[in-house]
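Taking it in order: structure first as structure tokens, then the write-up.
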Amino acid sequence: MEFGFNNCPIYAILSQQFHWTPLSPQLIHKEVPRCKCWLRNRAVARCRDCDILVCRVCIGIHRNCFTVELDENFYGPQYVETLFYCWRCKRFVHQCCSFSGHVAVQQRVLQKDVCKTYNEARLIMNDVQSYIANVIGYIKQICKDYPLEFQTSQSKFDKIIHDLHRFIPKYITSKTLLDNTKKPTDNAADIYNVKQDIEKLMQQRDPLFKDIDLYNNNNNLSVAFPFPPFCVLSPDSKPTITNQLSSFTIDAKDVANQPTECDPHFISIKCENVNNFQIFTQDDQHSKYIINYQPKTIGTIKISVKILNCHVVNSPLTVKVHVRDSTKIETPIAVFGTKGEADGQFSRPWGVCCDAQSRIIVADRSNHRVQVFGIDGRFLFKFGMMGSKIGEFNLPVGVAVDNECGRIVVADKANHRIQLFTMSGEFAHAFGKFGGGIGQLNYPWDVAVNSKHQILVADSRNHRMQLFDFSGQVVCFSSSLLHNYLPRNVSPSQLNSNFPPRNVSPSLLPKSAPRGLCFTCKDEILFSDFDLHNINFISSDLKMIRKAFGTQGDNVGQFRRPSGIGVDTEGNLIVVDSKNHRIQIFDSNGNFLHVFGKYGSEIGEFNCPTDVCVSPDGKIIVVDFENARVQIF
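Residue numbering for the sequence shown is 1 to 633, as defined by full-length UniProt numbering.
What follows is the structure in structure tokens.
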């Protein structure tokens with residue numbers, strides 16, 4: 001927006017449209033004007049080219065110039081307000097002359113320009129006054145919320161507020177001035193006086209303050225703060241799913257409709273059934289912001305977004321929340337990884353997990369390392385190498401993450417231990433050693449972490465599970481004998497209080513073979529039994545099977561060597577059916593819902609998948625073991 005005053009100077013309008021020229025200050029005088037020569041004779045003419053008064057002696061010197069004879073009746077105090085000379089009429093224009101006689105149609109043109117300037121300035125004043133009020137409110141709120149942080153800057157903010165209050169009366173003065181310019185006039189002196197007042201007002205205007213300058217070098221209105229009427233709210237093009245991360249973007253613009261930086265404290269977001277909003281910057285100019293949220297219920301929700309207490313464009317935003325249809329999962333949305341030892345390549349990968357930032361953490365087993373990727377499959381970093389020292393691995397398999405403690409947990413299988421690392425891959429601590437005693441491990445295969453920061457370990461060769469606290473102390477463990485598990489000739493439906501029969505020798509019962517581990521959102525424990533080909537819910541003390549489903553076979557609901565287990569945001573169970581080369585999905589009660597994948601090396605096919613996890617936004621991530629890759633659905 002341009003302020004408008006300097007775009008319509010009075011002198012420019014008079015000289016270009018009306019052919020008027022302001023007279024020299026010597027002419028606006030009560031005494032007779034005189035020539036500037038040494039004789040100081042009375043002036044009889046004015047040289048237009050040299051813009052000076054000349055006497056009869058000097059007029060010969062200006063014979064090649066355009067001179068105009070002065071009217072003797074012009075001199076005297078009665079014509080002090082005479083200000084202009086009309087070149088078109090070749091006469092002086094003064095108070096006693098009718099302005100309309102020289103102006104004609106041009107006077108109406110001038111009046112139209114004055115009205116236009118008045119309207120522009122009035123709109124700008126309204127915007128500026130509203131904007132100043134919001135800025136003052138924001139500054140006061142900052143001082144209220146962060147008294148300690150801004151205690152040393154209090155005097156600066158007081159000065160800013162003082163300058164703002166001083167700025168408002170100047171615009172009130174300009175409004176009064178423009179009201180006067182809107183009134184019709186035939187007097188050249190009145191127009192000249194208005195022009196002088198405008199210039200005086202502009203000369204008195206100081207910059208508001210250092211951090212908020214309302215004007216740039218071209219006298220265009222510009223500020224460093226976002227201007228809500230120009231900020232745009234854009235919804236995500238993807239469907240919004242319950243209990244999964246969704247997002248929308250805000251493009252911040254200033255009053256000149258240009259990208260500008262926006263303090264996140266300026267942004268206020270309100271929505272029912274959504275409590276937490278995470279704000280991230282998308283571009284280097286800090287003008288585009290991504291807001292992540294996780295709706296809790298299905299249906300239509302309205303999201304209200306304000307900047308400086310004003311709605312942005314498209315606010316409130318109406319969003320329809322759906323439930324993800326697990327029966328429609330078929331084709332992966334991303335695939336990454338090939339066989340090899342380079343960054344981003346795999347050699348017989350096994351375990352996978354996903355952190356709160358949707359980073360994918362993969363146990364690259366035969367390369368003896370852990371690799372970390374973005375949700376799009378972009379390689380980020382790696383850690384570990386073959387060895388038995390701290391931070392080194394010998395066939396790492398299971399991985400899990402504790403987001404609250406910021407730890408990556410790795411089952412170091414052939415070193416018979418569990419190692420913990422920071423989220424950047426730095427070694428933190430380790431526990432466990434080879435053996436069959438309490439707290440000892442024999443080829444630990446998988447790990448899982450609950451909300452109490454306890455670590456569950458599948459102690460495969462000891463045919464048991466052990467639950468450790470965060471420091472590595474044993475909390476509880478399961479028995480290696482399956483007197484509380486299902487024998488091979490007993491189906492899940494036969495599991496009741498009368499089982500197992502008392503006359504069955506423990507030696508006839510198979511040993512457990514826990515392979516995949518998982519905690520539900522309620523910290524219920526699930527594990528897959530690699531030998532019994534089923535999925536089990538076990539009590540928190542690891543002593544009793546509460547529920548089990550699945551038998552050996554290749555029909556839906558049956559398994560051949562089930563391995564990794566995951567739980568999605570809806571509570572559905574996602575099971576890796578390893579030797580059937582597929583993924584099966586069940587509800588929380590074990591009822592079959594969907595299956596996808598088949599044997600092969602094409603996109604969407606598997607060759608002995610081993611592990612699965614679910615990202616915060618609900619994506620299903622599968623390790624394709626023999627194809628040395630990861631597929632995301």
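Glycine included, every Cβ here is placed at the ideal spot set by N, Cα and C. These numbers come from a predicted model, not from an experiment.
Give the secondary structure of ALA430 by DSSP, where H, G and I count as helix, E and B as strand, and everything else as coil.
Strand, per DSSP.
Can you tell me whether SER479 is helix, strand or coil according to DSSP?
Of the three classes helix, strand and coil, the one that applies to SER479 here is coil, per DSSP.
Since PHE225 sits in a beta bridge, which residues does DSSP pair it with?
DSSP output for PHE225 lists no bridge partner at all.
According to DSSP, simplified to helix, strand and coil, what is ARG205?
With a pLDDT of 46 at ARG205, under the threshold of 50, the modelled position of this residue cannot be trusted, and the question is left open.
Just checking my contact of PRO562 with GLY550 at CB under 8 Å: how many whole Å lie between their CB atoms?
That belief holds up - the Cβ atoms of PRO562 and GLY550 are roughly 7 Å apart, short of 8 Å.
So, with DSSP's three-state summary, where would you put CYS115?
Note: CYS115 maps to helix in three-state DSSP.
How is ASP127 classed by DSSP in three states: helix, strand or coil?
ASP127: helix per DSSP, three-state reduction.
Are there three or more Cβ pairs, one per stretch, closer than 8 Å when the stretch 399-410 is compared with the stretch 358-370?
Yes, since at least three Cβ pairs between the stretch 399-410 and the stretch 358-370 fall closer than 8 Å, the two stretches touch.
For THR297, does the three-state DSSP call read helix, strand or coil?
Residue state, collapsed to three classes: coil.
Measuring alpha carbon to alpha carbon, tell me which residue in VAL370, LYS433, PHE381 is nearest GLU392.
Taking only the C-alpha atoms, the option nearest GLU392 is VAL370.
Helix, strand or coil, according to DSSP, for ARG464 in the structure here?
DSSP places ARG464 in strand when its eight states are reduced to three.
From the DSSP output, which residues share a beta bridge with VAL623?
DSSP, once it has assigned bridges, lists ASP611, VAL630 as partnering VAL623.
Taking the beta carbon of PHE596 as the centre, do at least 16 other beta carbons fall within 10 Å, making it buried, or is it exposed?
Buried, since its Cβ has 16 or more Cβ neighbours within 10 Å.
The beta strand (DSSP E) spanning ARG417 covers which residue range?
From DSSP, the beta strand (DSSP E) with ARG417 extends over 417-422.
Taking 6 Å as the limit between beta carbons, can you name the residues of its chain near CYS262, skipping five residues before and five after?
Once the five neighbours on either side are set aside, the close Cβ partners of CYS262 are PRO226, ALA252.
Of all the options ILE545, CYS613, THR569, which has the alpha carbon lying nearest to the alpha carbon of CYS521?
Nearest of ILE545, CYS613, THR569 to CYS521, Cα basis: THR569.
When you compare each of ALA45, ASP49, ASP51, CYS55 to LEU39 by their alpha carbons, which one comes out closest?
Taking only the C-alpha atoms, the option nearest LEU39 is CYS55.
With a Cβ-Cβ cutoff of 8 Å, do PRO444 and HIS463 count as a contact?
Result no, Cβ atoms of PRO444 and HIS463 do not sit closer than 8 Å.
Using CA atoms only, rank isn't needed, just tell me which of VAL319, VAL305, MET125 is closest to VAL313.
Considering only alpha carbons, the answer is VAL305.
In whole angstroms, what is the alpha-carbon distance linking TYR289 and PHE277?
When rounded, the distance between both Cα atoms is 12 Å.
Bridge partners for PRO616 per DSSP, in chain order?
Looking at the DSSP assignment, PRO616 forms no beta bridge with any residue, so it has no partner.
Please confirm whether PHE421 and PHE468 have their CB atoms less than 8 Å apart.
Their beta carbons are not under 8 Å apart, which means PHE421 does not touch PHE468 by this criterion.
Exposed or buried, ILE621, counting other C-beta atoms within 10 Å across all chains shown (16 or more means buried)?
Buried.
On the DSSP bridge assignment, give the partners of LEU526 in chain order.
Its beta-bridge partners are CYS518, PHE537.
Can you grab the Cα-Cα spacing for the pair VAL397 / ILE418, in whole Å?
Each residue's Cα considered, the two are about 11 Å apart.
Are the beta-carbon atoms of SER578 and PRO609 separated by less than 8 Å?
For SER578 and PRO609, yes; Cβs fall inside 8 Å.
Taking DSSP's pairing of strands, which residues face residue 670 in a bridge?
No answer is possible for residue 670: the residues shown for the chain start at 1 and end at 633.
Enumerate in chain order the residues of its own chain whose CB-to-CB distance from GLN494 is below 6 Å, with the five nearest sequence positions on each side excluded.
For GLN494, the predicted model reports a pLDDT of 47, less than 50, meaning its position is unreliable and no value from the coordinates is stated.
Give the straight-line distance between the Cα atoms of LEU245 and ILE298, rounded to the nearest whole angstrom.
If you take the alpha carbons of LEU245 and ILE298, they lie about 14 Å apart.
What residues match up with ASP531 in a beta bridge as DSSP calls it?
In DSSP, ASP531 forms no bridge with anything.
State whether the stretch 342-356 contacts the stretch 309-323, with contact taken as three or more CB pairs (one from each stretch) at a distance under 8 Å.
With a cut-off of 8 Å, the stretch 309-323 and the stretch 342-356 do not count as touching, because too few Cβ pairs lie within range.
I'd like to know whether the C-beta atoms of residue 643 and SER326 end up nearer to each other than 8 Å.
Any question about residue 643 goes unanswered here, given that the chain covers just 1 to 633.
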